[in-house]
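Report on the structure given below.
2 protein chains.
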Amino acid sequence: MRYSRLFARTNKSAKEQDSINATLLTKAGFIDQIMAGVYIFLPLGLRVLNKIENIIRKEMDTLGAELLMSTLSPKEIWKTTGRLDTVDVLMKAVPANDAAKNRHNGEYIINPTHEDLISSIAQRFRPSYKDLPFAVYQIQTKFRNEPRAKSGLLRGREFRMKDLYSFHASEADFKQFYETVKESYKTIFDRVGVGPDTVVTLASGGDFTKEYSHEFQTICETGEDVIYIDEKNSIAYNKEVAPENKSEMKEARASEVGNLFPLGTRFPDAFGYQFTDEKGARQPIYMGSYGLGSSRLMGVLVEKFHDEQGIMWPQAVAPFTVHLIALRVSGDEIYAQLKEKNIEVLYDDREDVSAGQKFADADLIGCPWRIVVSAKTGAQIEVKRRGSAESQLMDMDDFIKSL
Amino acid sequence: MRYSRLFARTNKSAKEQDSINATLLTKAGFIDQIMAGVYIFLPLGLRVLNKIENIIRKEMDTLGAELLMSTLSPKEIWKTTGRLDTVDVLMKAVPANDAAKNRHNGEYIINPTHEDLISSIAQRFRPSYKDLPFAVYQIQTKFRNEPRAKSGLLRGREFRMKDLYSFHASEADFKQFYETVKESYKTIFDRVGVGPDTVVTLASGGDFTKEYSHEFQTICETGEDVIYIDEKNSIAYNKEVAPENKSEMKEARASEVGNLFPLGTRFPDAFGYQFTDEKGARQPIYMGSYGLGSSRLMGVLVEKFHDEQGIMWPQAVAPFTVHLIALRVSGDEIYAQLKEKNIEVLYDDREDVSAGQKFADADLIGCPWRIVVSAKTGAQIEVKRRGSAESQLMDMDDFIKSL
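Top to bottom, those sequences are chains Z and B. The working numbering applies: residue 469 is where the first sequence begins, and numbers increase by one. The working numbering applies: residue 469 is where the second sequence begins, and numbers increase by one.
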């Protein structure tokens with residue numbers, strides 16, 4: 469893509485925000501804040517978000533079918549699960565003015581999560597023991613009444629999330645699937661580039677369950693959580709569930725990037741969703757839910773991968789693989805060559821901007837490879853890896869082969 | 469995909485609804501109604517929706533950059549454009565219970581459209597005459613306080629929509645772009661299969677503008693609108709703007725599938741968004757907005773392409789190209805061959821279902837090609853085009869080549 473086509477430009481003078489991800493993503497033109505906890509994804513940001521979500525999608529497709537549930541639902545569903553009056557992030561949609569109220573005065577729950585809705589409909593499609601187990605997932609915008617929206621993409625009132633739900637005829641079958649989801653999450657975090665620094669922790673089940681849940685926590689200096697890693701026993705704990713004697717454990721700051729909840733039979737039971745076994749007897753259905761905030765993960769990646777100059781995207785989720793800068797010569801031919809080879813390239817084709825500013829913008833945006841063409845480089849190109857101090861002159865063909 | 473993996477099954481006994489699209493899409497397992505005007509997209513439905521949206525996206529990418537705006541916005545934005553109290557489809561998000569209210573008592577507008585929000589932020593990124601013209605678009609879930617949600621996907625309270633916005637330094641430049649959008653829309657409707665039956669009509673500007681707007685209307689027996697086509701002068705009218713003497717025009721029922729609004733300088737003006745010309749003088753900015761409801765279009769396609777047995781998807785948006793049915797022999801090998809050739813195939817691998825039910829389900833779901841393998845077909849396959857009475861035995865290779 470040509471830089472001149474991007475709607476949003478870098479804005480190095482944008483004010484510092486309460487977190488590194490908010491500050492850098494805003495300055496680099498990936499996101500823009502509309503109000504506390506609510507951001508727009510600008511073209512560069514949407515590219516990264518799509519890449520993260522496609523990595524998630526590919527892995528989830530091995531576990532279940534993708535669907536798209538509604539954001540709105542009737543109050544009755546939340547009343548049935550007993551959560552209508554208790555969930556304090558719950559919002560509802562109501563007419564915004566008298567003209568709207570006079571036309572149609574309805575109220576709808578804005579689902580902050582979908583355990584309730586999926587349990588209410590699953591019975592219609594999966595009534596029998598032959599229909600179990602099954603899993604479905606969606607990737608969707610979610611809304612929550614966060615009292616303190618903060619830290620950019622880490623805690624928002626509107627955010628993107630993948631949510632997976634599974635239903636089983638026995639607890640044993642549920643537990644096996646739960647472990648499979650853990651492996652899928654590991655693959656996802658490996659692929660986006662945080663695998664080695666991401667651990668599975670025991671966590672409280674919160675509103676959902678009295679059992680432990682599990683979180684995926686990415687170790688990160690600016691992380692909002694403190695975790696304790698018991699390396700001897702290959703187990704880690706969130707602070708609120710850690711054992712008393714933590715002296716033998718490694719303490720680390722970390723950011724939550726995913727969670728797994730064993731929900732038992734609570735949600736299906738609420739809707740009378742049970743299955744009929746081979747002998748004709750009614751049996752309870754075991755359920756799990758598995759969240760992964762894709763926009764939050766984007767924020768964590770920036771918290772983890774940046775330097776003084778800007779963002780350093782892992783290649784798998786970078787908005788573009790190559791950032792092409794042409795200095796007083798045309799880069800059109802190189803741009804065409806890269807596109808022809810299906811290499812994603814951001815081409816800084818601006819003519820009224822200094823070399824220094826183009827270099828600074830490339831570092832701020834953080835694509836893995838910077839290529840410069842100029843009178844000096846002749847028939848070759850100057851190649852620099854983001855974060856490296858060294859650049860080298862190469863033939864275009866050799867660079868393309870190296871990717 | 470294996471039929472057994474689909475979350476949702478066909479349900480021929482599902483009750484008749486108020487429209488053909490709602491009835492057929494529900495019976496065939498594409499959508500499921502949560503409440504009036506609110507549907508879930510089940511796996512088959514999401515596949516069709518994604519295909520429609522990708523056709524739209526490809527065309528829109530030639531006009532502008534894709535971004536993803538927020539659903540929530542502060543009231544101030546709508547106050548600034550004078551629409552906070554007047555737009556009667558406007559909803560707001562508020563805490564759903566006392567627990568939520570006690571934690572954080574905020575109210576946010578749920579944007580039913582984004583002229584207001586995009587105008588409020590464009591200035592930040594595109595302040596100068598050198599930044600004009602530009603266009604941005606998004607594909608997003610929208611929410612509207614419809615008094616009479618009806619007709620399945622045709623008029624919902626929650627629906628999917630592509631919205632494009634353009635900004636220009638002169639009315640002449642705007643008008644040129646407006647015509648380019650018309651051409652892009654024609655390409656989209658051609659590609660999804662309704663091109664020959666879709667006409668551009670003059671329509672009222674509604675709340676947006678005192679000028680005419682334009683609509684794309686697809687001629688369809690069950691259409692909610694009446695249009696008048698003046699073939700001699702190559703122009704068409706929506707009923708409310710048609711000239712008195714309609715006797716020489718062709719009257720037709722049609723469904724709106726897209727709209728184009730010339731907005732003048734109203735929205736940019738409201739936010740003081742003007743540009744500075746070469747001479748340093750402030751000048752107004754001309755704006756257009758261009759909508760295309762992707763979920764609505766899916767509904768219109770079903771209204772138009774169906775028969776007594778079910779849906780007949782145009783190939784470009786069909787959930788799968790091929791519906792493979794195996795009768796008392798294994799279809800696994802054929803399934804693998806089709807997948808290897810990247811042909812999208814739905815494989816009915818159910819063993820406890822009669823041949824008759826499998827055929828009926830294939831007709832209901834409506835993929836373009838049905839393939840049967842059985843003891844009778846031997847090394848060949850039986851191929852039938854959806855809607856054709858004839859089937860023929862073919863070699864697998866010949867079928868693949870024919871696609």
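Note that CB positions come from ideal geometry on N, CA and C, so glycine has one too.
- Z/Ala857 counts as exposed, since fewer than 16 other beta carbons sit within 10 angstroms of its beta carbon.
- In the three-state reduction of the DSSP assignment, B/Met559 falls in the strand class, which pools E and B.
- Following the DSSP letters along the chain, one finds Z/Ser587 inside the alpha helix (DSSP H) bounded by residues Glu583 to Phe593.
- Within 10 angstroms of the beta-carbon of Z/Tyr803 lie 16 or more other beta-carbons, which makes it buried.
- The region 567–582 of chain Z makes contact with the region 534–544 of chain Z, as at least three CB pairs between them are under 8 Å.
- Interface with chain B (8 Å Cβ-Cβ cutoff): Z/Ala496 is excluded.
- Where Z/Asp800 is concerned, the enclosing alpha helix (DSSP H) starts and stops at Asp800 to Glu808.
- Secondary structure note for B/Gln825: its alpha helix (DSSP H) is the uninterrupted segment Ala823 to Ile833.
- The C-alpha of B/Pro601 lies about 44 Å from the C-alpha of B/Lys807.
- By the criterion of at least three beta-carbon pairs nearer than 8 Å, the region 660–680 of chain Z is in contact with the region 725–735 of chain Z.
- When C-beta atoms of the region 566–576 of chain B are compared with those of the region 709–725 of chain B, fewer than three pairs fall below 8 Å, so the two segments do not count as touching.
- Residue-level contact by beta carbon holds for Z/Met559 and chain B, with a gap shorter than 8 Å.
- DSSP places B/Ala482 in the coil class of the three-state scheme, outside both helix and strand.
- By the neighbour-count criterion, in which a residue is buried when 16 or more other Cβ atoms sit within 10 angstroms of its Cβ, Z/Ala749 is exposed.
- By the CB criterion at 8 Å, B/Tyr471 and B/Leu814 fall inside the cutoff.
- Against chain Z, the CB of B/Tyr471 has no partner CB under 8 Å away; the residue lies outside that interface.
- With contacts defined by Cβ atoms closer than 8 Å, Z/Leu832 and Z/Lys495 form a contacting pair.
- Residue contact check for Z/Thr548 against chain B: no CB pair falls below 8 Å.
- Its Cα nearest to that of B/Lys772, the residue B/Ser487 stands out among B/Ser487, B/Tyr758, B/Ser870 and B/Lys714.
- The contact set of B/Ser538 on chain Z, defined by CB atoms closer than 8 Å, consists of Ile502, Val506, Tyr507, Ile508 and Glu626 in chain order.
- If you check the CB distance, Z/Asp693 and Z/Lys707 come in under 8 Å.
- Annotation for B/Lys852: Arg838 and Ser859 place their beta carbon closer than 6 Å to its own, counting only its chain and skipping 5 residues before and after.
- Contact annotation for Z/Arg571 against chain B: Asp556, Asn613 and Pro615 [CB-CB distance below 7 Å, chain order].
- Z/Met864 and Z/Ala640 have their C-alpha atoms roughly 56 Å apart.
- Nearest to B/Tyr754 by C-alpha distance, out of B/Gly505, B/Tyr646, B/Phe498 and B/Leu585, is B/Tyr646.
- In the DSSP assignment, Z/Phe684 is bridged to Z/Val668 and Z/Gly726.
- One alpha carbon belongs to B/Phe642, the other to B/Gly855, and they sit about 44 Å apart.
- If you draw a 10 Å sphere on the C-beta of Z/Leu622, you find 16 or more other C-beta atoms in it, and that means buried.
- Taking C-beta atoms under 8 Å as the contact rule, B/Gly497 and B/Leu474 qualify, at a distance of about 7 Å.
- Here B/Gly674 carries a coil assignment [DSSP, helix/strand/coil].
- Here DSSP, grouped into helix, strand and coil, assigns B/Glu639 to helix.
- Z/Ala564 sits buried, since 16 or more C-beta atoms from the chains shown fall within 10 Å of its C-beta.
- Annotation for B/Trp837: the continuous beta strand (DSSP E) segment containing it runs Trp837 to Ser842.
- When rounded, the separation of the alpha-carbon atoms in Z/Leu558 and Z/Asp584 is 13 Å.
- Contact between the region 654–666 of chain B and the region 584–598 of chain B is absent, with fewer than three C-beta pairs closer than 8 Å.
- Going by DSSP, Z/Val770 is part of the alpha helix (DSSP H) stretching over Ser762 to Lys772.
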